[in-house]
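Numbering (full-length UniProt numbering), first residue to last: 1 to 559.
In this text, a Cβ means the ideal position worked out from N, Cα and C, and glycines have one as well.
Bear in mind the structure is a predicted one, so any value in this text is a computation, not a measurement.
A short worksheet on the structure shown next.
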């Protein structure tokens, strides 16, 4: 059972139940405390994520895959929509409305809700627990407490902070979803994460900490969040007391974790425009679930009136299948551009044409709507785990380490494959010019590029800032970036693989240790020459890299 909390108050509500605790770390840095709850069959992993909707959903996705989870319980606090649902009561969602779906027209708003219903199996667990010892895990409060009310009713979830019952959003919910008794900003996103996996159960359990009105701050100051979190966590543990593994693999491993998400208030005033605030992005009639990863794999940048977003994602229409991942990029233009200024929307559309001409990456979707263009490119799945394939980022050492010949062989083979691809691109007079570790997909079958980088944009000084920027890309250079820039950046990636760090200006020449073939050291020296004209072309570098792979295969193992 993985328990994710957004705030410390929710974390503490679950942590007090754990014993035999040890800390572990997920691949992308999320830290969890793992322990057991006396009387339960499940192992519990607990993490504090912060209160945003997207963080909870992204960490949910990672945790489900990491632990091959049986169930997702989303536990936290919410606002009451009904006068008979009081502070401290617990609302268990019989269904979850994504209330912002709809169509605006001259005749008004027509609701098109995205609905997630609780499965029959979990429905019966809730009804049974409600009848029989619902508060068996409720730790006594310091003051005498009245047992909280328990409601098995619908809830509404969206990205709008409701601070008044006179607001348009509140009236819209009452008009279109009048059976909802509570509102939060997170449950539907986590439900989407759970739906990606056909066998994963999902249940939202919310303690009422406010009435969706201006008195929220006063209620919080009186301890309403702490009380609501304690009640919600207790009922979640009561449900888990009766939850039993169902699949054959889980019967063989009875201590296998479920996933329990404890979210925070979900009442933060968030900007819904950015992908960092949304777990699910709609493009036309397709929806994508965004993935957590290194900063470069989920990022939004702004350059004047142009906003660029990118993320690894999964198509929600392909839930239950292995694969179906994409590299999702979007460019939004805030104003019409002068005729002489390059159009960034058209550049993204031209990249789709480059993909088709060069046989990859495969174009899944390209869509232009108003001032926004979105491009989805296929991202391969690992054949063993079914997850998105790793990038070179996952293979490169983070600090100087003793050379691992097998890891180095994999990296050199990947760079050789990329050099071959870049050679074909250079034949058209184009260049990538934006290589970095996350730009290379280190698939076990064949390495590939996630996209074409800056190939459809005119070269300019100052582009691609950071440790992999070539000398000619820096301000003040008299040489324009081009194909030789790609060769330098491949060399910078190789330098990182050999030393644990990318190159820096004025660095000393690389001196190969005993585990590095001389051919690889020569390839690195040629690729990192300051004068672009002195570097080999991409195909020449590839020949050096292939020669190095042959030497690495026959290199004596280190002792």
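Below 7 angstroms CB to CB, which residues in the same chain sit around residue i once its five sequence neighbours on both sides are set aside?
i: residue 548; result: 412, 517, 519, 520, 523
i: residue 343; result: 337
i: residue 397; result: 500
i: residue 144; result: Note that residue 144 scores 48 on pLDDT, short of 50, meaning its location in the model is unreliable and no value can be drawn from it.
i: residue 236; result: 73, 75, 205, 260
i: residue 162; result: 79, 169, 170, 183, 212
i: residue 422; result: 432, 486, 538
i: residue 369; result: none
i: residue 491; result: 524, 527, 528
Consult DSSP for residue i and reduce its assignment to one of helix, strand or coil.
i: residue 151; result: strand
i: residue 289; result: strand
i: residue 296; result: helix
i: residue 518; result: helix
i: residue 43; result: strand
i: residue 523; result: helix
i: residue 411; result: helix
i: residue 37; result: coil
i: residue 541; result: helix
i: residue 246; result: coil
i: residue 239; result: helix
i: residue 59; result: helix
i: residue 189; result: helix
i: residue 442; result: coil
i: residue 466; result: coil
i: residue 547; result: helix
i: residue 224; result: helix
i: residue 22; result: strand
i: residue 173; result: helix
i: residue 205; result: strand
Express the C-alpha separation of residue j and residue i in angstroms, rounding to a whole number.
i: residue 173; j: residue 449; result: 45 angstroms
i: residue 232; j: residue 240; result: 13 angstroms
i: residue 537; j: residue 436; result: 19 angstroms
i: residue 75; j: residue 290; result: 21 angstroms
i: residue 339; j: residue 414; result: 41 angstroms
i: residue 137; j: residue 129; result: 12 angstroms
i: residue 416; j: residue 181; result: 58 angstroms
i: residue 103; j: residue 302; result: 29 angstroms
i: residue 552; j: residue 405; result: 7 angstroms
i: residue 459; j: residue 480; result: 7 angstroms
i: residue 300; j: residue 307; result: 7 angstroms
i: residue 329; j: residue 16; result: 42 angstroms
i: residue 200; j: residue 194; result: 6 angstroms
i: residue 282; j: residue 534; result: 47 angstroms
i: residue 426; j: residue 527; result: 16 angstroms
i: residue 168; j: residue 242; result: 41 angstroms
i: residue 487; j: residue 332; result: 31 angstroms
i: residue 354; j: residue 453; result: 11 angstroms
i: residue 439; j: residue 392; result: 8 angstroms
i: residue 284; j: residue 196; result: 19 angstroms
i: residue 484; j: residue 20; result: 56 angstroms
i: residue 466; j: residue 275; result: 23 angstroms
i: residue 119; j: residue 202; result: 8 angstroms
i: residue 34; j: residue 60; result: 16 angstroms
i: residue 304; j: residue 463; result: 15 angstroms
i: residue 198; j: residue 446; result: 29 angstroms
i: residue 371; j: residue 41; result: 53 angstroms
Given that a residue counts as buried once 16 or more other Cβ atoms are within 10 Å of its Cβ, and exposed if not, what is residue i?
i: residue 24; result: exposed
i: residue 133; result: exposed
i: residue 507; result: exposed
i: residue 316; result: buried
i: residue 56; result: buried
i: residue 225; result: buried
i: residue 187; result: buried
i: residue 140; result: exposed
Give me, in chain order, the residues of the same chain whose beta-carbon lies closer than 8 angstroms to that of residue i; leave out the 5 immediate sequence neighbours on both sides.
i: residue 379; result: 312, 325, 326, 327, 361, 388, 389, 441, 450
i: residue 530; result: 471
i: residue 410; result: 395, 442
i: residue 363; result: 352, 355, 356, 375, 376, 377, 378
i: residue 349; result: 366, 368, 373, 375
Apart from the five residues just before and just after residue i, which ones in its own chain have a Cβ nearer than 6 angstroms to its Cβ?
i: residue 420; result: 542
i: residue 99; result: 156, 158, 173, 177
i: residue 382; result: 389
i: residue 148; result: 88, 89, 90, 231
i: residue 154; result: 94, 95, 179, 180
i: residue 532; result: 472, 479, 484
i: residue 335; result: 305
i: residue 227; result: 88
Length-filtered (4 minimum) alpha helix (DSSP H) runs lying within the region 71-128: Runs found: none.
Complete beta strand (DSSP E) runs within the region 314-383 (minimum length 3 residues, chain order): The qualifying runs are 325-333, 363-369, 372-379.
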